[in-house]
Amino acid sequence: MSYKVAALYQFLPLPDFRDLREPLRARCDALGIKGTILLAGEGINGTVAGPSDAIDRLIDELRNGPFFGRRLDNLELKFSGAAAMPFGRMKVRLKKEIVTLGDPATDPNARVGTYVDPAAWNALIEDRETLVIDTRNAFEVEMGTFERAVDPKLTRFSQFRDFVKRELDPAKHRKIAMFCTGGIRCEKASSYLLARGFGEVYHLKGGILKYLELVPKSQSRWKGDCFVFDERVALGHGLSERPSGSSQASETGATCAGETSLRSASAAEDVARG
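If you're matching positions, the sequence shown starts at -14 in the numbering used here and goes up one per residue.
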């Protein structure tokens, strides 16, 4: 049996996010869906897997059903496949942030950078005036990244703030392009940079996953594999599972859920990270 995997997120005001936890978890259990969904006042972020028809039904209910009342009108989605169920159980967690930057003043619901579609990404990062930044953790970067990308050497996303303060200058770095696995980290990072006076801030719409899905390998500027926070470990062009990913992850000290075991206390946020 094969499974459909959906990575999803949307920044939006969710004042009632605490009320959504139990009904959402119960619905996923009823559909036979497993994975992790994070809910916070700033939005929703998650990765879930299940039979194809069950995932399709859940997505339709998230968009049109009683949970969000058609508020998820800009839900960012990436679909891929898995030969085996990549998650052990279904978790819906309440968080302060759906991706933790640790700066309460950063509000992606108010302002974010310019989205760049995968088809236009190559031209942007080949521009020598563009500073290209990989906003993922260092062990993810070791498995694969884009040509010319700067690695901030992060062990957690909240360290991005220190990297900006230490290495970036709005007067010097006038054009910045950022990317991450599914789009959520670089979207929040773009909001942080704009609030600090950086002028031209771009981020890859749909993240690496959407790029690998849509851009042919012959035209790709991606080198290596893309780490994912589930038991598949890594994906390649066309979102194919990469058997080499497991050995590379072990060499970098990473497991299926990032820095820690899939069953550890912090793994839920790692699994949903985009």
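In this text, a Cβ means the ideal position worked out from N, Cα and C, and glycines have one as well. Values in this document were obtained by computation on a predicted structure and should not be read as measured data.
DSSP state of residue i mapped onto helix, strand, coil
i        : result
Cys165   : coil
Ser(-13) : coil
Ser229   : For Ser229, the predicted structure reports a pLDDT of 48, less than 50, and the residue's modelled location is therefore unreliable. The matter cannot be settled from this model.
His198   : The residue asked about is misnamed: residue 198 is Glu in this sequence, not His. Of the three classes helix, strand and coil, the one that applies to Glu198 here is helix, per DSSP.
Ser235   : The pLDDT assigned to Ser235 is 34, lower than 50, so where the model puts this residue is not dependable; a value taken from the coordinates is nonetheless given after this. Here Ser235 sits in helix by DSSP.
Lys150   : helix
Arg206   : coil
Ala180   : helix
Glu111   : helix
Arg96    : coil
Arg42    : helix
Arg170   : helix
Arg48    : helix
Phe72    : coil
Thr245   : Because Thr245 sits at a pLDDT of 26, beneath the cut-off of 50, its placement in the model cannot be relied upon, and the following sentence gives the value as read from the coordinates. Strand, per DSSP.
Pro(-2)  : coil
Phe53    : coil
For residue i, the residue or residues it bridges with in DSSP
i       : result
Cys211  : Leu220
Ile22   : Gly31, Val77
Lys138  : None; Lys138 has no bridge partner.
Leu(-7) : Gly31, Leu62
Val101  : Leu189
Pro160  : It is worth fixing the name first, because residue 160 is Lys in this sequence and not Pro. Partner(s): Glu185.
Asn122  : Leu139
Where the beta strand (DSSP E) containing residue i begins and where it ends
i     : result
Asn30 : 28 to 35
Residue span of the alpha helix (DSSP H) that contains residue i, given as start and end
i      : result
Phe131 : Run containing Phe131: none in the alpha helix (DSSP H); it sits in the beta strand (DSSP E), 129 to 131.
Ile118 : First-last for Ile118: 116 to 119, but that is the beta strand (DSSP E), not the alpha helix (DSSP H).
Ala156 : Segment: none, Ala156 is in no alpha helix (DSSP H) and carries neither H nor E.
Phe66  : The question names Phe, but residue 66 is Gly in the sequence shown. Not the alpha helix (DSSP H): Gly66 falls in the beta strand (DSSP E), residues 61 to 67.
Glu7   : 2 to 16
Exposure label - residue i; buried when at least 16 CB within 10 Å
i        : result
Arg24    : The sequence as given places Leu at residue 24; Arg does not occur at that position. Buried, because 16 or more other Cβ atoms sit within 10 Å of the Cβ of Leu24.
Ala11    : exposed
Asp30    : It should be noted that the sequence gives Asn, not Asp, for residue 30. By the neighbour-count rule (16 or more Cβ atoms within 10 Å), Asn30 is buried.
Arg61    : The sequence given here places Glu at residue 61; Arg does not occur at that position. Classification for Glu61: buried.
Met(-14) : exposed
Asp102   : exposed
Gly238   : Its pLDDT being 33, under 50, Gly238 is placed unreliably in this model, and the value from its coordinates should be taken loosely. Burial call: exposed.
Gln(-5)  : buried
Leu79    : exposed
Ser175   : buried
Asn59    : exposed
Thr240   : Low confidence applies to Thr240: its pLDDT is 27, below 50, so where it sits in the model is not reliable, and the reading given next is rough at best. Per the 10 Å Cβ criterion, buried.
Arg121   : buried
Pro(-2)  : exposed
Pro89    : exposed
Lys81    : exposed
Pro0     : exposed
Arg3     : exposed
Glu7     : exposed
Glu27    : buried
Ala69    : exposed
Thr166   : buried
Glu132   : exposed
Ala162   : buried
Within-9 Å CB hit, residue i to chain C
i     : result
Ala34 : Looking at the structure shown, chain C is missing, and only one protein chain is on hand.
Any non-hydrogen atom of the ligand FMN within 8 Å of residue i CB
i    : result
Pro8 : Because no ligand of any kind appears in the structure shown, any question about the ligand FMN cannot be addressed here.
At least three beta-carbon pairs within less than 8 Å, the region 11 to 21 to the region 31 to 38: A contact exists between the region 11 to 21 and the region 31 to 38.
Between the region 92 to 100 and the region 178 to 192, are three or more C-beta pairs nearer than 8 Å? Counting Cβ pairs under 8 Å, three or more are found: they touch.
Is it a yes or a no for the region 150 to 166 touching the region 47 to 60, going by three-plus beta-carbon pairs under 8 Å? Touching, no.
Should the region 203 to 212 be called in touch with the region 65 to 85, which here means at least 3 C-beta pairs below 8 Å? No, the region 203 to 212 is not in contact with the region 65 to 85.
Per the contact definition of three or more C-beta pairs closer than 8 Å, is the region 196 to 203 in contact with the region 103 to 120? The way I'd put it, the region 103 to 120 does touch the region 196 to 203; three or more beta-carbon pairs between them come closer than 8 Å.
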